[in-house]
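One structure is given here, and the rest of the page talks about it.
4 protein chains.
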Amino acid sequence: MKNLNMVMHCPDQKGIIANVTNFIHENKGNIIYIDQYVDRVHAIFFMRIEVDFKGHLSFSLDQFRGDFNKSVGTRFALNCDFFDPKIPPKMAVFVSKHDHCIYDVLSQHHAGKLAVKIPFIVSNHPDLKHIAQRFEIPFYHIPVTAATKKEAEREQLKLLEAYQIDFIVLARYMQIISPELIAHFPNKIINIHHSFLPAFPGAKPYHSAYDRGVKIIGATSHYVTEELDAGPIIEQDIARVSHLHQLQDFIEIGQDLERLVLLRALKQHTQRKVMVYNNKTIVFI
Amino acid sequence: MKNLNMVMHCPDQKGIIANVTNFIHENKGNIIYIDQYVDRVHAIFFMRIEVDFKGHLSFSLDQFRGDFNKSVGTRFALNCDFFDPKIPPKMAVFVSKHDHCIYDVLSQHHAGKLAVKIPFIVSNHPDLKHIAQRFEIPFYHIPVTAATKKEAEREQLKLLEAYQIDFIVLARYMQIISPELIAHFPNKIINIHHSFLPAFPGAKPYHSAYDRGVKIIGATSHYVTEELDAGPIIEQDIARVSHLHQLQDFIEIGQDLERLVLLRALKQHTQRKVMVYNNKTIVFI
Amino acid sequence: MKNLNMVMHCPDQKGIIANVTNFIHENKGNIIYIDQYVDRVHAIFFMRIEVDFKGHLSFSLDQFRGDFNKSVGTRFALNCDFFDPKIPPKMAVFVSKHDHCIYDVLSQHHAGKLAVKIPFIVSNHPDLKHIAQRFEIPFYHIPVTAATKKEAEREQLKLLEAYQIDFIVLARYMQIISPELIAHFPNKIINIHHSFLPAFPGAKPYHSAYDRGVKIIGATSHYVTEELDAGPIIEQDIARVSHLHQLQDFIEIGQDLERLVLLRALKQHTQRKVMVYNNKTIVFI
Amino acid sequence: MKNLNMVMHCPDQKGIIANVTNFIHENKGNIIYIDQYVDRVHAIFFMRIEVDFKGHLSFSLDQFRGDFNKSVGTRFALNCDFFDPKIPPKMAVFVSKHDHCIYDVLSQHHAGKLAVKIPFIVSNHPDLKHIAQRFEIPFYHIPVTAATKKEAEREQLKLLEAYQIDFIVLARYMQIISPELIAHFPNKIINIHHSFLPAFPGAKPYHSAYDRGVKIIGATSHYVTEELDAGPIIEQDIARVSHLHQLQDFIEIGQDLERLVLLRALKQHTQRKVMVYNNKTIVFI
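Protein chains in written order, with the numbering used here: chain A, 1 to 285; chain Y, 286 to 570; chain L, 571 to 855; chain G, 856 to 1140.
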């Protein structure tokens, strides 16, 4: 391995950057990118570092991780994740009946624009199976009713574990995820909500936006938490509308926003540029 | 008078445009601009027309209005307002302590960019009197407390009537307007709210937006109705923020949005391009 | 046929709207949407009308067109097109090696979001054949070199005529279209240019934008005319960038813009909401 | 002095951050904000640091600067500027006849939103003297003609030196600045251009944008260099327009953009968050 990405946070203290960069420097790593942020309100320090070890022929990640945690990590109570940027994470796709987001995710993935592996697609409806087939990705139809919800989630969980899924994207999956399933993927379930959150949470946001007479509509991608549509926001974008736009126009314009916003969030997440703290995200560029 | 603006609405029916334009045509008027909109959900027809009568040397507005209402107006149950675009409306400015919006309104007015007359400024605090003086506009300090609120509004109303005010702008006026006062100026009180409504209504929206971790903040100008921050939206705009922006950045970026959005709304209102129906606005360009 | 769309323009004169709407009214048509615009600089009148004839059981388009042209059409020198909104136009897709736009066009078309027929895809390279196959659309590989360009366009023209193509989309087709071919499809060839025109026309706009240090990048969809990247602009959009974005980021962010902007332009064109005059577009909503 | 801002750049090398932060750390400084950027194409390292020395009772800037330059500065060939954030820079305002930008700059300055001192305003026309008087700022009328241009700039330079001006804002000053004057203020003359550069440089950009039929207009604030409208871009923003907007609408919408974009650029510059390299800006948030 030649490249290493480190994403860390810890209580804010003097000398963190100096010590961490020193350590990397002494271990023959060349820092090719560093970005950091301090939440002054909560006195938390966040840092993302891209290191190049090509000068270090005998580099071992395990050894480096161990040494780092023993020394700097312990001293500053650093919580640090280590990633090999060459290894794409495994993403499961949950859908229902809307096809605009899944088409975009699969097309972009197929075009090599989204660095993930997509082992399977799961849906509570059979409608979109043809799209999965078109892109040659296994499709599992797991119906969900009030009565079968628990059992359905057990089946979903089996799949998620069998395929060693790293994170889940809800590409307009119209079911509420239970706290049990969320607990298995904390800040690892990405949803696209078709409104400018916190405006219009819940069902039928385009109808609500149209009735309210807003002049701008939006879409929001966020991590799923127990409270509906209240998780950490990763990305948002908007489009202008006017009285000339009918409800159907809101929906069409909005669906293009949804595709764009979800894709950006997925790219940022898969590049491990998103850190979550205190129900907010730090998104490094 | 050479120019006339007509703003009308009525139940949607066949032949309205033909009959109205015919009538104007037969009365020696040349239509230089026409814009119309049909709310299909409620079957309401809206139209704004700019007419040039310079070919009609003996034109009389009263006569034309009378003839129009008698014929086309009655036939289609048209509710029509007639304006002379040359006569600027009279606008009262309500402020409290924030000065960014009033500075912008007075500067733009002074620069001839805002076609209104500003007979006076009223505030529940004396702080901004120096700005009124700088722009040579009468400033009335009417303190408002829970106890004196009713009396204070009576004083305000006296001023509004004495100066024959056409509409009011709340340039960050931090008091709730009573239903009584609103009743005197239905859809004629314009407020600027420092959030992307309906997100973050009420107090301290920047704090709420910062705590929620949104990636985009906004400002909204709307007509004041009895329900707080729920009136017809005239204009909105947004700006991107990131985790790098502190609460103070939200406020600074937002205040520039407030200025811009309020000014646009004031221009659209003063040009009589805004029509209100069903708690929504139709804003003709 | 129950619905008819009429798109017309003529020298601006008094009474056009009245006479046209009258004529439709007298012919048992109910105007469900009308939008018009006057280019005052050139005194040209433009109008788009959606008419519902369901009250008119024996309606005949040919008869109506004939009667309309004989009476109102002749009187006002109206140039009017008549469309049945139920009949989607036939669109040919030209591509080279970039796949992001074609993926989006085909996905959206397949999802029923783009009301066109796509009889074939043509490319000067074989690279994207697999995408055409994935969406089961005939793919023609017509190589183009300086030497074979004329012959290649003859082949393209044969295809365009054989399939009775209504308009062409250049979904990142990296060849200049000859005046001969353009002459066959005046204002019927839609290109997506990966910059905010007129900034950065020609090749490698992202490189130029990166070198210039712009803070905002854009994409532009326009009709192809003889002068490169100078045709009538249909739609544009932008995205913010900063010094943190490398050239590769410009390209990735930009390609998402290209997809969005091209799709919007295609929707507007296929709904016949775009009128061209004096190298500018009138785009009715 | 309790706070110090350091803005530095140097050839990119290993260990810069570690050594600089170490040095500050060892000198009893607490880093409250750090932002850095590496231009990989040119291998240049940029960093902005905010340091708090309140723990260091006997802190001396001169001593610190000297020690820093001797040790870390020399070692990494660092070019570093040291600022006391408490001392606002002195800004001269150049105007001609347009008043929207100067009104905004003076209003915002007066409202305490722009941390500069404004010792004087200079203009080649007397028209805006009343605004200077309204805000009680000295106004110098220095006419400029082809014949007197050199002499006029000598007078301007005298004023700039007499008032020890740090930087100049051209708030719609319609004269070209000579290379001689630019040489006195390299990257210290901020201009607002009323187009989305590099589109429509030079005169009458709104007219050109209107004629070209763009769907989005913009404004650009940049540092003045010898090549007209080609200097490093600090900030840009845009607004959507349509065929419904006449030339006068382009101008009105655009002037609000100009005010907003210029103000943002001035805030970023006065906070020393802008670094210039290779005719591009690095703008730290």
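For every residue, glycine included, the Cβ atom is placed at its ideal position computed from N, Cα and C. Bear in mind that the values here come from a model prediction, so they are computed numbers and not experimental data.
Query: Under the criterion of a Cβ to heavy atom distance below 7 Å, does S926 (chain G) qualify as lining the ligand SAM?; Result: As for the ligand SAM, it is missing from this structure, which has no ligand bound.
Query: Opposite T281 (chain A) in the DSSP bridges: which residues?; Result: A:V276
Query: What does S791 (chain L) touch in chain A if you count any residue whose Cβ is under 9 Å from its own?; Result: Within 9 Å Cβ-Cβ: nothing; S791 (chain L) doesn't reach chain A, min ~14 Å.
Query: Along the segment 115 to 138 of chain A, what residues have a CB closer than 7 Å to any CB found in chain L?; Result: R134
Query: How long is the line joining the alpha carbons of L391 (chain Y) and I1072 (chain G), rounded to whole angstroms?; Result: 26 Å
Query: Any C-beta of chain Y within less than 9 Å: which residues of the segment 233 to 248 of chain A qualify?; Result: I233, I234, E235, Q236, D237, I238, R240, S242, H243, L244, Q246 and L247
Query: Less than 8 Å between the beta carbons of K758 (chain L) and I738 (chain L), yes or no?; Result: yes
Query: Just list the residues that DSSP pairs D237 (chain A) with in beta bridges.; Result: A:A219
Query: Using a Cβ cut-off of 8 Å (strictly closer), state whether K869 (chain G) contacts chain A.; Result: yes
Query: Within 8 Å, do at least three Cβ pairs link the segment 603 to 611 of chain L to the segment 681 to 688 of chain L?; Result: no
Query: Name the one or two DSSP bridge partners that V292 (chain Y) has.; Result: Y:R333 and Y:D366
Query: Using the Cβ count rule (16 or more neighbours within 10 Å means buried), how would you classify L551 (chain Y)?; Result: buried
Query: Is there a Cβ from chain G that is less than 8 Å from the Cβ of N849 (chain L)?; Result: yes
Query: Under the three-state reduction of DSSP, which class applies to Q1103 (chain G): helix, strand or coil?; Result: helix
Query: Go through its chain and collect everything with a Cβ distance to I450 (chain Y)'s Cβ below 6 Å, but skip five positions before and after it.; Result: K375 and A377
Query: Helix, strand or coil: which one does DSSP assign to F23 (chain A)?; Result: helix
Query: Quick one: give me the first and last residue of the alpha helix (DSSP H) that F349 (chain Y) is part of.; Result: L346 to F353
Query: Between L:D622, L:H754 and L:V831, which lies nearest to P655 (chain L) when the distance is taken from Cα to Cα?; Result: L:D622
Query: Check the Cβ-Cβ distances between T591 (chain L) and every residue of chain Y, and say whether any is below 8 Å.; Result: yes
Query: Give the secondary structure of K339 (chain Y) by DSSP, where H, G and I count as helix, E and B as strand, and everything else as coil.; Result: coil
Query: Could you give the DSSP three-state label for D541 (chain Y): helix, strand or coil?; Result: helix
Query: Against chain L, with Cβ distances strictly below 8 Å, would K286 (chain A) count as a contact?; Result: Coverage of chain A is limited to positions 1 through 285, which leaves residue 286 (chain A) absent and any answer about it impossible.
Query: Rounded to the nearest angstrom, what separates H245 (chain Y) and R1027 (chain G) at their Cα positions?; Result: In the structure displayed, chain Y extends from 286 to 570; residue 245 (chain Y) sits before or after that span and is not available.
Query: Take every Cβ of the segment 303 to 317 of chain Y, pair it with every Cβ of the segment 334 to 350 of chain Y, and state whether three or more of those distances are shorter than 8 Å.; Result: yes
Query: So, G1086 (chain G) versus P802 (chain L), is the Cβ gap smaller than 8 Å?; Result: no
Query: Under a CB-based cut-off of 8 Å, is D166 (chain A) close to chain L?; Result: no
Query: State the beta-bridge partners of Y318 (chain Y) as determined by DSSP.; Result: Y:E335
Query: If distances are taken between C-alpha atoms only, which option among G:H864, G:I1031, G:A1074 and G:A1017 comes closest to P1083 (chain G)?; Result: It is Leu, not Pro, that sits at residue 1083 (chain G) in the sequence shown. Of the candidates G:H864, G:I1031, G:A1074 and G:A1017, the one whose C-alpha sits nearest the C-alpha of L1083 (chain G) is G:I1031.
Query: How far does the beta strand (DSSP E) with H1048 (chain G) in it reach, from first residue to last?; Result: I1044 to H1048
Query: Excluding the 5 residues preceding and the 5 following D522 (chain Y) in the sequence, name in chain order all residues of the same chain whose CB lies nearer than 7 Å to its CB.; Result: G503, A504, L542, L545 and V546
Query: Enumerate in chain order the residues of its own chain whose CB-to-CB distance from V276 (chain A) is below 7 Å, with the five nearest sequence positions on each side excluded.; Result: N187, Y223 and P232
Query: Should L767 (chain L) be labelled buried (16 or more other beta-carbon atoms within 10 Å of its own) or exposed?; Result: buried
Query: Per DSSP, which one or two residues make a beta bridge with L1025 (chain G)?; Result: G:F949 and G:N1046
Query: In the DSSP assignment, the beta strand (DSSP E) including H492 (chain Y) goes from what residue to what residue?; Result: Not the beta strand (DSSP E): H492 (chain Y) falls in the alpha helix (DSSP H), residues P490 to R497.
Query: Go ahead and label I586 (chain L) buried or exposed: buried means 16 or more other beta carbons lie within 10 angstroms of its beta carbon, across all protein chains shown.; Result: buried
Query: According to DSSP, what are the bridge partners of F139 (chain A)?; Result: A:I121
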